[in-house]
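K.L.:
Here the numbering used here is used: the first residue of the first sequence is 145, the next is one more, and so on.
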Amino acid sequence: MPYFIEAILPLALPNTFTYAVTEAEYGFLQQGMRVAVPFGKNKIYTGLVASLHQTPPRLYEAKEIHHILDEKPIVTPIQLQHWKWVADYYMCTIGEVYKSALPSGLLLESETIITPKKDFVAEGADLNDEEYLVYEALQVQSALKIQEVSNILNKKTVLPVINRLISKNAISLQEEISEKYKPKAIRYIRLQEQFLQQEQLSQLLEVLSRAKKQREAVMHYFQLQASDKKPVAVKKLTDAGITATVIKSLIDKEIFEEYYIEEDRIQFEGSNNAGFSLSEKQQLAFNSITTSFEQHNVTLLHGITSSGKTEIYIKLIEGYIQSGKQVLYLLPEIALTAQLVIRLSAYFGNKVAVYHSKYSNNERVESWLQVLEGSEKAQVIIGARSALFLPFNNLGLIVIDEEHEQSFKQQDPAPRYHARDAAIVLANYHNAKVLLGSATPSLESYFNVQSGKYGYAELKERYGNVIPPEIILIDLKDKYKRKQMTGHFSDTMTDAVAETLALGKQVILFQNRRGFSPYIECMTCGHVPQCPQCDVSLTYYKYKNALRCHYCGYHIASPTQCHKCHSTDISTKGFGTEQIEQELKVLFPEKNSWRMDQDTTRGRHGYEKIIDSFKNREIDILVGTQMLAKGLHFDNVGMVGILNADNMLYQPDFRAFERAYQMMVQVAGRAGRKNDRGRVLVQTYNPLHNVIRQVTENDYEGMFAEQVYERHNYKYPPYYRLIRITLRHKDYEKVKNAALWLYNVLCSQLQVPVLGPEEPAISRIRNEYIRSLMVKIPPGTGLQPTKKAILKVLQSLDAVAQYKAVKITINADPY
DNA sequence: AGCACGCCGACT
DNA sequence: GTCGGCGTGCTC
145 MPYFIEAILP
155 LALPNTFTYA
165 VTEAEYGFLQ
175 QGMRVAVPFG
185 KNKIYTGLVA
195 SLHQTPPRLY
205 EAKEIHHILD
215 EKPIVTPIQL
225 QHWKWVADYY
235 MCTIGEVYKS
245 ALPSGLLLES
255 ETIITPKKDF
265 VAEGADLNDE
275 EYLVYEALQV
285 QSALKIQEVS
295 NILNKKTVLP
305 VINRLISKNA
315 ISLQEEISEK
325 YKPKAIRYIR
335 LQEQFLQQEQ
345 LSQLLEVLSR
355 AKKQREAVMH
365 YFQLQASDKK
375 PVAVKKLTDA
385 GITATVIKSL
395 IDKEIFEEYY
405 IEEDRIQFEG
415 SNNAGFSLSE
425 KQQLAFNSIT
435 TSFEQHNVTL
445 LHGITSSGKT
455 EIYIKLIEGY
465 IQSGKQVLYL
475 LPEIALTAQL
485 VIRLSAYFGN
495 KVAVYHSKYS
505 NNERVESWLQ
515 VLEGSEKAQV
525 IIGARSALFL
535 PFNNLGLIVI
545 DEEHEQSFKQ
555 QDPAPRYHAR
565 DAAIVLANYH
575 NAKVLLGSAT
585 PSLESYFNVQ
595 SGKYGYAELK
605 ERYGNVIPPE
615 IILIDLKDKY
625 KRKQMTGHFS
635 DTMTDAVAET
645 LALGKQVILF
655 QNRRGFSPYI
665 ECMTCGHVPQ
675 CPQCDVSLTY
685 YKYKNALRCH
695 YCGYHIASPT
705 QCHKCHSTDI
715 STKGFGTEQI
725 EQELKVLFPE
735 KNSWRMDQDT
745 TRGRHGYEKI
755 IDSFKNREID
765 ILVGTQMLAK
775 GLHFDNVGMV
785 GILNADNMLY
795 QPDFRAFERA
805 YQMMVQVAGR
815 AGRKNDRGRV
825 LVQTYNPLHN
835 VIRQVTENDY
845 EGMFAEQVYE
855 RHNYKYPPYY
865 RLIRITLRHK
875 DYEKVKNAAL
885 WLYNVLCSQL
895 QVPVLGPEEP
905 AISRIRNEYI
915 RSLMVKIPPG
925 TGLQPTKKAI
935 LKVLQSLDAV
945 AQYKAVKITI
955 NADPY
């Protein structure tokens, strides 16, 4: 009787793959274990066992698995079910979900290793120069990777050389798959057993009387052991000034012996319970959440900025972990985890674990395994969207903070999932509750509240008498007419900044565009430098004196004269954070201003450094992009300035107004503190615009009503569901035709509206032309059947020879 | 997706 | 004459 498994491979292929296993393996293997399997000509992948069966494939011979990587499953049945849902809903393969769900430390890929054959002699084998170089390198290193061979020969195509060496019997190839995860081990020492008795010990000290250093080391060891009553780590001795050589010779003399204990890489120290109690309003909100959970699985907490939502989350989480449940806390931005970990571990001690993509491989594997075991140390998980894929087995609650943030939706590699929506599905599988929190809920969530699908709780009062900020509108048209502008600052704005600083408070300025200016223009011929690979103008960076493309990274030195007409009269157009920072240096030369955007927050701690120095008041004025709007708390900010509200309002996106509202309210929320009313200054050409008015009046309901009305009229979410199909190819005509073909077929096959084919605002990126189509699914129309039909149409597109090279991406619920 | 295979233009 | 460009087909 043959035995088989179905394995999921981390690839964008629609099917699972069948592999043959032995009877013993069949008995041992379970769903959710990893297996190393050969795939294609000479590659080994980490497959995941999806099922076991005994039906031989009919059209091909199943390969045998290479070996088994786990002793017990590392992926739970619920996860597999959830992955399946993600793959179906977001229209990608389960392999893609698997690939992004598993930490890369658990997802190994093979590497081809070249080793020399022992009995080969170079003499008389007539190797050419390249072959000899490889042979020689192998005498020194005894194993090479393909990449290394390529470096040695200084060219890309090395396979012919390798093949010739194989045929000459000089080398052989192996596929190596190495476990990347290594538990961190701490080195300890202890006295060999025979010295544990008193007399031997005195003897020992006698023996060492002439080796002063070694004697000292042994004495010190005793001290440590007596005081700590714990195993003695080698590091403790070296810290005390005992050298590694001394320890080594003691080990060599068999006086000490060394041993290792695995240690957790991540440890949060925390005094358990820095007890606090909720304010009256917070308690009310807390109560309405718990009541709401009796009827609804999902509840939205609509709490204005600085109303103390986090305290409510903490109280809620406490209840769940007391009953032994796991809690997942999702944040929109990795950079926010640091602040939150401090707050939560002060309360829950080392029950808090973190998980996000900036964590090292090993750290992520560790958290994964802890969650899988249901370890005490990972009862509360804080993470960005990928933490959703951890192997929970007893999940009780998911908190999604800043629920409206668009970064919860994964944009680029598939699966293009929305963490909020996927979390709600996951919670259902676990019978867990979901709490969404935001000061400016997404229209989707608030809509679900109104229709009774979600529960609702609100917190409409700032914590501890913080008065909501005063919002002042500045009419730019008027200011320019009256010549009251200095650069991009109106006199009102400059005065307010000066006043705030004079009071010893800090200022935040918001400009949603990085760089110095979005483009430069020749004042003689009107030429605007463009990216040669993308259909965008190049952003000017004054500091680096460069022009840069935000889409492909292309950059050139900033021209001194126009490339077209050689005029030297070049002017910058528009403005970004860098320019504002420059202007500040002139306006407030003795104040310390700093800039926070993607360009200054590179690196693992770039962001935290800026935040910390702002908190420590080393920075007086912080200029930043939308990064500033994401749930940061500062307690000395006297005013917030929005330099140009208009560029947010006029984006070609049906969500532009909602976003502009959210962004402005969020940024405004950074102003003010206890007993001190903050000020928010908004510069705009449209002071009468509805969204601006809604921001000043803090009228979420008004914004919601107006936007929802528009969405209804123009057939957009939350009424209609959207699926965007994007086509890319370097041949302009080819994409254009393929998009038209696709449009026609979709229209004839689907009974729903299809928009397009549309040339997006940026119609070419990295030399690929882009077209997009939008399928709109009306309320009440089945999602699954429509998606199935779309996939079928795309398959038939793939069957058209001239179009199959066109790259296609599908984005369900684009955000 | 990756990767091998296969066919065609630009140079050591 | 090879190197490396890309189009094509396949992966249990």
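C-beta atoms are modelled at their ideal positions from N, C-alpha and C, and glycine is treated no differently.
(1) For the putative contact between G452 and S423, defined by C-beta atoms under 8 Å, what is the C-beta separation to the nearest angstrom?
(2) Who are the Cβ neighbours of Q439 in its own chain at under 8 Å, not counting the five residues just before and after it?
(3) Nearest-angstrom Cα distance between H562 and Q554?
(4) Output yes or no for whether 8 Å exceeds the beta carbon distance between Y499 and I465.
(5) Does the beta-carbon distance from F148 to P200 come in below 8 Å?
(6) CA-CA distance, D556 and S501?
(7) Report the residue from S634, I611, M177 and M792 whose alpha carbon sits nearest the alpha carbon of T449.
(8) Name the one or two DSSP bridge partners that Q470 has.
(9) Please report the Cβ distance between L579 and S589, rounded to the nearest whole angstrom; I am assuming they are in contact, meaning their Cβ atoms lie under 8 Å.
(10) Using a threshold of 8 Å, state whether the C-beta atoms of Y404 and P375 are closer than that.
(11) Using C-beta distances below 7 Å, list every residue in its chain close to L617, excluding the 5 sequence neighbours before and after it, in chain order.
(12) Within 10 angstroms of its Cβ, does E510 collect 16 or more other Cβ (buried), or is it exposed?
(13) Run through DSSP, which three-state label would V898 get?
(14) If we count Cβ pairs, one from each stretch, closer than 8 Å, do we get three or more for the segment 637–654 versus the segment 673–689?
(15) Beta carbon of L886, beta carbon of V937: below 8 Å?
(16) Using a threshold of 7 Å, is the CB atom of I952 nearer than that to any non-hydrogen atom of the ligand MG?
(17) Given a cut-off of 8 Å on the beta-carbon distance, is the pair G768 and F654 in contact?
(18) Starting from the Cα of I478, find the closest Cα among R746, H574, G924 and S892 and give me that residue.
(19) Just to check my reading of the structure: I138 and P535 have Cβ atoms closer than 8 Å, yes? What is that Cβ distance to the nearest angstrom?
(20) Which same chain residues end up closer than 7 Å to V390 when comparing Cβ atoms and leaving out the 5 residues on each side of it in sequence?
(21) Can you tell me whether L793 is buried or exposed? The criterion is at least 16 other CB atoms within 10 Å of its CB, across all chains shown.
(22) What three-state label does DSSP hand T953 in the structure shown?
(23) From this set, V485, M667, R865 and R508, which residue's C-alpha is nearest T704's C-alpha?
(24) Of all the options D875, G518 and L603, which has the alpha carbon lying nearest to the alpha carbon of S907?
(25) Just curious, the alpha helix (DSSP H) that V265 is in, first and last residue?
(26) With a 10 Å radius around its C-beta and 16 neighbouring C-beta atoms as the bar for buried, classify M847 as buried or exposed.
(27) Less than 7 Å between C-beta atoms, sequence neighbours within five positions excluded: which residues of the same chain meet that for V230?
(28) Considering just the uninterrupted stretch of the alpha helix (DSSP H) at V241, what are its terminal residues?
(29) Do G659 and T683 come within 8 Å of each other at the CB atom, strictly closer than that value?
(30) For T481, collect the residues of the same chain with a Cβ closer than 8 Å to its Cβ; drop the 5 residues on either side in sequence, then sort them by chain order.
(31) Which residue marks the beginning of the beta strand (DSSP E) containing C891, and which one marks its end?
(32) What are the boundary residues of the alpha helix (DSSP H) that P929 is part of?
(33) Under the three-state reduction of DSSP, which class applies to K717: helix, strand or coil?
P.N.:
Walking through what the data contain:
(1) With 8 Å as the limit, G452 and S423 qualify as a contact, their Cβ atoms being about 7 Å apart.
(2) The residues are G599.
(3) Distance between the alpha carbons of H562 and Q554 is about 6 Å.
(4) Result no, Cβ atoms of Y499 and I465 do not sit closer than 8 Å.
(5) Closer than 8 Å, so yes.
(6) Between D556 and S501, the C-alpha separation is close to 14 Å.
(7) A check of alpha carbon separations from T449 across S634, I611, M177 and M792 identifies I611 as the nearest.
(8) Looking at the DSSP assignment, Q470 forms a beta bridge with L539.
(9) Not really, about 11 Å apart at Cβ, beyond 8 Å.
(10) In this structure, Y404 keeps its C-beta atom at 8 Å or more from the C-beta atom of P375.
(11) Only V826, T828, P831, I836 and T840 meet the Cβ criterion.
(12) By the 10 Å Cβ count, E510 comes out buried.
(13) Here DSSP, grouped into helix, strand and coil, assigns V898 to strand.
(14) Result no; under three Cβ-Cβ pairs closer than 8 Å.
(15) With contacts defined as CB atoms closer than 8 Å, L886 and V937 qualify as a contacting pair.
(16) The ligand MG is absent from the structure shown, which contains no ligand whatsoever.
(17) Yes, these two residues count as a Cβ contact at 8 Å.
(18) The candidate whose alpha carbon is nearest that of I478 is R746.
(19) Because the chain in this structure spans residues 145 to 959, residue 138 falls outside the shown range and cannot be described.
(20) Excluding positions up to five away in sequence, the list reads K357, Q358 and A361.
(21) Buried, since its Cβ has 16 or more Cβ neighbours within 10 Å.
(22) Residue state, collapsed to three classes: strand.
(23) Ranked by Cα distance from T704, the options V485, M667, R865 and R508 are led by M667.
(24) The residue with the shortest Cα to Cα distance from S907 is D875.
(25) Run containing V265: none; DSSP gives neither H nor E here.
(26) By the neighbour-count definition (other C-beta atoms within 10 Å, threshold 16), M847 is a buried residue.
(27) Excluding five sequence positions before and after V230, the CB atoms of its chain that fall closer than 7 Å to its own CB belong to V241, P559, Y561 and A566, given in chain order.
(28) Counting along the chain, V241 sits inside the alpha helix (DSSP H) bounded by residues I238 to A245.
(29) For T683 and G659, yes; Cβs fall inside 8 Å.
(30) Only L475, V498, H500, I526, G527 and A528 meet the Cβ criterion.
(31) For C891, no beta strand (DSSP E) encloses it; the enclosing alpha helix (DSSP H) starts and ends at Y876 to Q893.
(32) That run of the alpha helix (DSSP H) goes L927 to D942.
(33) It is a strand residue.
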